[in-house]
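Enquirer:
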Amino acid sequence: MFHWLERNPFFFAVGVFLVIAYAGIVTILPNFMESARPVVGTKPYTVLELAGRQTYIKDSCNACHSQLIRPFKSETDRYGMYSLSGEYAYDRPFLWGSKRTGPDLMRVGNYRTSDWHEYHMLNPKSVVPGSIMPAYKHMFSNNADIETAYAEAYTVKTVFNVPYDKPDMPTLGTYDESKKVVFAEAAAIVADMKSQEVKDAFKRGEIKEIVAIIAYLNSLK
Amino acid sequence: MQARDALNYDYSVAKCFTYSTILFGIIGMLIGVVIAYQMAFPELNYLAGEYGTYSRLRPLHTSGVIFGFLLSGVFATWYYIGQRVLKVSMAESKFLMIIGKLHFWIYMIVILTAVVTLFLGISTSKEYAELEWPLDIGVVVLWVLWGVSIFGLIGIRREKTLYISMWYFIATFLGVAMLYLFNNMEVPTYFVSGMGKWYHSVSMYAGTNDAMVQWWYGHNAVAFVFTVPIIAMSYYFLPKESGQPIYSYKLSLLSFWGLMFVYLWAGGHHLLYSTVPDWVQTMGSIFSIILILPSWGSAINMLLTMKGEWGQLKSNPLIKFMILASTFYMFSTLEGPIQAIKSVNALAHFTDWIPGHVHDGTLGWVGFMLMAALFHMAPRMYKKELFSKKLMEAQFWLQTTGIVLYFSSMWIAGITQGMMWRATDQFGNLAYSFIDTVTVLIPYYAIRATGGLMYLVGFLMFTYNMYKTITAGKDISSEPQNASPMSA
Numbered sequence: 024m025f026h027w028l029e030r031n032p033f034f035f036a037v038g039v040f041l042v043i044a045y046a047g048i049v050t051i052l053p054n055f056m057e058s059a060r061p062v063v064g065t066k067p068y069t070v071l072e073l074a075g076r077q078t079y080i081k082d083s084c085n086a087c088h089s090q091l092i093r094p095f096k097s098e099t100d101r102y103g104m105y106s107l108s109g110e111y112a113y114d115r116p117f118l119w120g121s122k123r124t125g126p127d128l129m130r131v132g133n134y135r136t137s138d139w140h141e142y143h144m145l146n147p148k149s150v151v152p153g154s155i156m157p158a159y160k161h162m163f164s165n166n167a168d169i170e171t172a173y174a175e176a177y178t179v180k181t182v183f184n185v186p187y188d189k190p191d192m193p194t195l196g197t198y199d200e201s202k203k204v205v206f207a208e209a210a211a212i213v214a215d216m217k218s219q220e221v222k223d224a225f226k227r228g229e230i231k232e233i234v235a236i237i238a239y240l241n242s243l244k
Numbered sequence: 054m055q056a057r058d059a060l061n062y063d064y065s066v067a068k069c070f071t072y073s074t075i076l077f078g079i080i081g082m083l084i085g086v087v088i089a090y091q092m093a094f095p096e097l098n099y100l101a102g103e104y105g106t107y108s109r110l111r112p113l114h115t116s117g118v119i120f121g122f123l124l125s126g127v128f129a130t131w132y133y134i135g136q137r138v139l140k141v142s143m144a145e146s147k148f149l150m151i152i153g154k155l156h157f158w159i160y161m162i163v164i165l166t167a168v169v170t171l172f173l174g175i176s177t178s179k180e181y182a183e184l185e186w187p188l189d190i191g192v193v194v195l196w197v198l199w200g201v202s203i204f205g206l207i208g209i210r211r212e213k214t215l216y217i218s219m220w221y222f223i224a225t226f227l228g229v230a231m232l233y234l235f236n237n238m239e240v241p242t243y244f245v246s247g248m249g250k251w252y253h254s255v256s257m258y259a260g261t262n263d264a265m266v267q268w269w270y271g272h273n274a275v276a277f278v279f280t281v282p283i284i285a286m287s288y289y290f291l292p293k294e295s296g297q298p299i300y301s302y303k304l305s306l307l308s309f310w311g312l313m314f315v316y317l318w319a320g321g322h323h324l325l326y327s328t329v330p331d332w333v334q335t336m337g338s339i340f341s342i343i344l345i346l347p348s349w350g351s352a353i354n355m356l357l358t359m360k361g362e363w364g365q366l367k368s369n370p371l372i373k374f375m376i377l378a379s380t381f382y383m384f385s386t387l388e389g390p391i392q393a394i395k396s397v398n399a400l401a402h403f404t405d406w407i408p409g410h411v412h413d414g415t416l417g418w419v420g421f422m423l424m425a426a427l428f429h430m431a432p433r434m435y436k437k438e439l440f441s442k443k444l445m446e447a448q449f450w451l452q453t454t455g456i457v458l459y460f461s462s463m464w465i466a467g468i469t470q471g472m473m474w475r476a477t478d479q480f481g482n483l484a485y486s487f488i489d490t491v492t493v494l495i496p497y498y499a500i501r502a503t504g505g506l507m508y509l510v511g512f513l514m515f516t517y518n519m520y521k522t523i524t525a526g527k528d529i530s531s532e533p534q535n536a537s538p539m540s541a
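Going down the list, the protein sequences come from chains B and D.
Numbering (this note's numbering) for the first sequence: 24 to 244.
Numbering (this note's numbering) for the second sequence: 54 to 541.
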């Protein structure tokens, strides 16, 4: 059979494809629906949090920070309750990471505050002596992209039925309605921050990346 | 054209991809060395403002070496090997020549755009699949062009039986096509909402499902880019360079179909103790162990091809590169399955042992095999003698030392950190804060970076040697021949 296949490229290619394709189907499909179901109490991200999540992705925070707490005592002692599948139901893409050069961030919102993050992003060593994390000063000068964040929320609501605007769920509404919510959320974070640059910009109607990413990090619980 | 007139094959596309292999090799490895030093000396993060931080550069390094350096190498060797094992010249078909050149230029545009967008932070965050949807489309186009080139050349072949290398090239083409398409399924947000950045997209899969698809891709992208085409190269270049026939046809048959059958299952070992279903994790673990068989099958087939001819290791530095590559293949395909055992993975996952494992495969197996392949091709493509064997010797030892420094420091760093994360005091409390487990690694990070630097310097020596071969090598009138039983 193999000699015959080696002289018939078409059937050879079909054979190879069948042999490599089946594993994906067998492993991914059976639990697909189940894995997509949210845990009770899990909510989609607000638009400001999504803008922060996009900043997190833009700067590849996931290259060094995981968001996956494994069910070991050493991990639950350090980071909190181990992760459940349904907690990730609104994570597109998932951000588990594959390397912990820095600590896990799955529940960082439980034990860090807005001003801690502000100091940390400006100068990591000021709050964590010996830290090898770079400072992210540009987050204080770049504006967060609220429009794209809204576009993403609108898209997942439309295409994947993510429950925005449902009872007890974040409101999305139209872009103008959404902007009001975003500014109210951002105002609370800006009030906790020290940076005059960020405060002045907020008065001018600009939301800096740092504000958005703090909103996102605070939402991780 | 006479089928056996070996010097009449058309290497113009192979040459183009040879240059891009070298170009992206230098860029990708240089960025790798920079980010490695950044971990030891964090001040180096501030050389280029926003664009020079570790986190921005890391996807550039991985994409640069995988899709720039390595893929170029795969294409370069394909455009060389393909003609020879099918006994047909590219020059015989105007159509295939145009496809080949188009393939190269679209590839260059896609990769160079990818470099720019990754610097700008335009990323989907999925590892080795960071490119946003417009570039994904570019990748699909260049892949289809490659497919046309492969099957087009097969269509006009003279040698009816496909040589082993061809099996692996076909598998590379099909495997990557399937994986890349499914992992990059995303919805462009602009087309749904009419606002925001036009190139932004959101993944089709959420959470745990996204993770499953990503690591089905992530693991097997490694298989079908880092392993399968490299085996294609070793099955061609080792017998050609040594003049020895492949040790066993049956073993190559077993290894090929075994690898195809088993590999795609093993992705689950990236997700052990995560929230994916338990049975998927267990299957990932088991199949990773089984994977030793086909991997070692290929490697042993390589090593036994040298049976009775081990003296060539002394006389021919190219044989040395290829044999060490096969040895590193055995080494990393043993290390990988060990890391896939659940209890070992509990310690190793998230630590530096993982990048350590990746690099003994990529530097030792992939890098060495690819450089040896290009060294073998150069005299035949340019009709020049290789410039300096002494330089090759020096490069070999410098790079080998670099690899040893790299993986040994990463073993120590990974296991140290894994042990410290779980260490408790006499009352059962965690013994170390997280930062304690970082600062202790800094010396190992410095050693690792230095190992990487040595490898980069070796690559520059390779580049110089190739450059001198092409520009100043002695002309040769006939192809260098070894006591080869193969006439291709």
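Backbone N, C-alpha and C define an ideal beta-carbon position, used for all residues, glycine too.
A quick note: this is a predicted structure, and the numbers were derived from the prediction, not measured.
Terminal residues of the continuous alpha helix (DSSP H) containing Val205 (chain B)?
Expert: From DSSP, the alpha helix (DSSP H) with Val205 (chain B) extends over Tyr198 to Asp215.
Enquirer: For Leu356 (chain D), which option in D:Ile223, D:Phe309, D:Ile394 and D:Ile376 has the closest C-alpha, if you only look at C-alpha atoms?
Expert: When only C-alpha atoms are compared, the closest one is D:Ile376.
Enquirer: Pick helix, strand or coil for Asn31 (chain B), following the three-state DSSP scheme.
Expert: DSSP places Asn31 (chain B) in coil when its eight states are reduced to three.
Enquirer: Nearest chain D C-beta to Thr178 (chain B) closer than 8 Å, yes or no?
Expert: Closer than 8 Å to some Cβ of chain D, the Cβ of Thr178 (chain B) qualifies, so yes.
Enquirer: Assuming Pro67 (chain B) contacts Pro186 (chain B) (C-beta within less than 8 Å), just tell me the rounded distance between them.
Expert: Pro67 (chain B) to Pro186 (chain B), Cβ: 7 Å. Contact.
Enquirer: Quick one: what does DSSP say Ala56 (chain D) is sitting in, helix, strand or coil?
Expert: Residue placement at Ala56 (chain D) is poorly supported in this model, since its pLDDT is 43, which falls under 50; the coordinates are not used for a value here.
Enquirer: Once the 5 residues before and after Ile119 (chain D) are set aside, which same chain residues still bring their CB inside 7 Å of it?
Expert: Closer than 7 Å at Cβ, skipping near neighbours: Tyr181 and Val278.
Enquirer: Please state whether DSSP places Thr29 (chain D) in a helix, a strand or coil.
Expert: A query on residue 29 (chain D) cannot be resolved here, the shown segment of chain D reaching from 54 to 541 and no further.
Enquirer: Leaving aside the five residues before and after Trp349 (chain D) along the sequence, list all residues of the same chain whose C-beta is less than 7 Å from its C-beta, in chain order.
Expert: Met383 and Thr386, listed in sequence order.
Enquirer: Just to confirm the assignment, what range does the alpha helix (DSSP H) spanning Pro408 (chain D) have?
Expert: It spans Trp406 to His412 - the alpha helix (DSSP H) in which Pro408 (chain D) sits, taken as one unbroken run.
Enquirer: With a threshold of 8 Å between beta carbons, is Ile407 (chain D) in contact with chain B?
Expert: Yes, its Cβ sits closer than 8 Å to a Cβ of chain B.
Enquirer: If I measure Cβ to Cβ from Phe460 (chain D) and keep anything under 7 Å in the same chain, skipping five residues before and after, which residues do I get?
Expert: Only Gly409, His412 and Asp413 meet the Cβ criterion.
Enquirer: Where does Leu240 (chain B) fall in DSSP's three states?
Expert: Reduced to three states, the DSSP call for Leu240 (chain B) is helix.
Enquirer: What first and last residue would you give for the beta strand (DSSP E) that runs through Pro157 (chain B)?
Expert: Looking at the DSSP string, Pro157 (chain B) is not in any beta strand (DSSP E), and its letter there is neither H nor E.
Enquirer: What three-state label does DSSP hand Leu483 (chain D) in the structure shown?
Expert: Residue state, collapsed to three classes: strand.
Enquirer: Kindly identify the DSSP beta-bridge partner or partners of Ser146 (chain D).
Expert: Paired residue(s): none; Ser146 (chain D) is not in a bridge.
Enquirer: Using a Cβ cut-off of 8 Å (strictly closer), state whether Met92 (chain D) contacts chain B.
Expert: It does: the Cβ of Met92 (chain D) has a partner Cβ on chain B nearer than 8 Å.
Enquirer: Taking only beta carbons into account, state which residues of the segment 46 to 63 of chain B come closer than 7 Å to chain D, listed in chain order.
Expert: Within the segment 46 to 63 of chain B, the qualifying residues are Ala46, Gly47, Thr50, Ile51, Asn54, Phe55, Ser58 and Ala59.
Enquirer: For Ala56 (chain D) and chain B, any beta-carbon pair shorter than 8 Å?
Expert: Low confidence applies here, because Ala56 (chain D) scores a pLDDT of 43, under 50, leaving its location unreliable and the question unanswered by this model.
Enquirer: Which word fits Lys244 (chain B), buried or exposed, when buried means at least 16 other C-beta atoms lie within 10 angstroms of its C-beta?
Expert: Lys244 (chain B) is exposed by the Cβ-count criterion.
Enquirer: Taking the CB atoms as reference points, tell me whether Met434 (chain D) and Ala378 (chain D) lie closer together than 8 Å.
Expert: No. Outside cutoff.
Enquirer: Between Ala541 (chain D) and the rest of its own chain, which residues show a CB-CB distance below 6 Å, the 5 nearest in sequence each way excluded?
Expert: Caution applies to Ala541 (chain D), whose pLDDT of 44 falls short of 50 and renders its modelled position unreliable; the model cannot decide the point.
Enquirer: Opposite Tyr528 (chain D) in the DSSP bridges: which residues?
Expert: Per the sequence presented here, residue 528 (chain D) reads as Asp, with Tyr not at that position. Partner(s): D:Lys437.
Enquirer: Return no unless some Cβ of chain D is closer than 8 Å to the Cβ of Tyr142 (chain B).
Expert: Taking Cβ atoms only, chain D never reaches closer than 8 Å to Tyr142 (chain B), which makes this a no.
Enquirer: Residues of the segment 368 to 399 of chain D with a CB closer than 8 Å to any CB of chain B: list them in chain order, please.
Expert: Residues Ala399.
Enquirer: Work out the CA separation of Gln365 (chain D) and Asp82 (chain B) for me, nearest whole Å.
Expert: If you take the alpha carbons of Asp82 (chain B) and Gln365 (chain D), they lie about 49 Å apart.
Enquirer: Exposed or buried, what is Asp100 (chain B) when buried is set at 16 or more other beta-carbons lying within 10 Å of its beta-carbon?
Expert: By the 10 Å Cβ count, Asp100 (chain B) comes out exposed.
Enquirer: List, in chain order, every chain B residue whose beta-carbon is nearer than 9 Å to that of Arg137 (chain D).
Expert: Simply none; closest approach about 17 Å.
Enquirer: Compare the C-beta of Leu195 (chain B) against all C-beta atoms of chain D and say whether one is closer than 8 Å.
Expert: Not one chain D Cβ lies under 8 Å of Leu195 (chain B).
Enquirer: Could you give the DSSP three-state label for Ser256 (chain D): helix, strand or coil?
Expert: Strand.
Enquirer: Counting pairs of beta carbons, one from the segment 59 to 78 of chain D and one from the segment 121 to 140 of chain D, are three or more of them closer than 8 Å?
Expert: The segment 59 to 78 of chain D is in contact with the segment 121 to 140 of chain D.
Enquirer: Assuming the contact rule is C-beta atoms closer than 8 Å, Ile456 (chain D) and Gly417 (chain D) should be a hit. Round their C-beta distance to whole Å, please.
Expert: The Cβ separation is near 5 Å, so the contact holds.
Enquirer: Could you confirm whether any beta carbon from chain D is found closer than 8 Å to the beta carbon of Gly228 (chain B)?
Expert: For Gly228 (chain B), the answer is no, since every Cβ of chain D falls outside 8 Å of its Cβ.
Enquirer: Kindly list the residues whose CB is nearer than 7 Å to the CB of Ala56 (chain D), restricted to its own chain and excluding five residues on each side of it in sequence; keep chain order.
Expert: Any reading at Ala56 (chain D) must be qualified, since the residue scores a pLDDT of 43, below 50, and its modelled position is unreliable; the value itself is stated next. Closer than 7 Å at the Cβ level, and outside the excluded window around Ala56 (chain D), lie Lys140 and Arg211.
Enquirer: For Ser154 (chain B) and chain D, any beta-carbon pair shorter than 8 Å?
Expert: Judged by the 8 Å Cβ criterion, Ser154 (chain B) is in contact with chain D.
Enquirer: Taking buried to mean at least 16 other C-beta atoms within 10 Å of its own C-beta, is Glu446 (chain D) buried or exposed?
Expert: Exposed, since its Cβ has fewer than 16 Cβ neighbours within 10 Å.
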